[in-house]
Amino acid sequence: MHFHPRPLRINRRTFLSRAAQRRRVVTLSCERLYMRYVDAVGAGQTPQFLAGLERDLSAADEVCLTGSEWLTPDRFRSDLEPLLRACRRATRLT
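No gaps in the numbering here: position 88 of the sequence shown is 91 in this note's numbering, and each next residue is one more.
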């Protein structure tokens, strides 16, 4: 015996409202971010790295940080603080 499920029917308005409600959540590992930052500093690419990170963060609806103990190096933290403050102002940083 084979079970054939009925096709799911959903109207266009419901589909579009559900699609609009999807949130883009970015989980950001501070450890990995720090490693990428160190590589960028070593290559003389810090401004490009920070600009790319800012673009990625601005496209997210919510940003979740993990391993925040990696934010302790002063230069790393001072370079990231403006980006993180912008996320906090938008109430997207958790």
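Note that CB positions come from ideal geometry on N, CA and C, so glycine has one too.
Between the C-alpha atoms of L36 and G45 there is a straight-line separation of about 14 Å. Closest option to C33, judged by alpha-carbon separation, among A89, V66, Q48, R91: V66. Out of A63, R25, R12, the CA that lies nearest to the CA of L86 is found in A63.
The criterion of a C-beta distance shorter than 8 Å is not satisfied by L74 and V29.
For T49, the secondary structure class from DSSP, reduced to helix, strand or coil, is helix.
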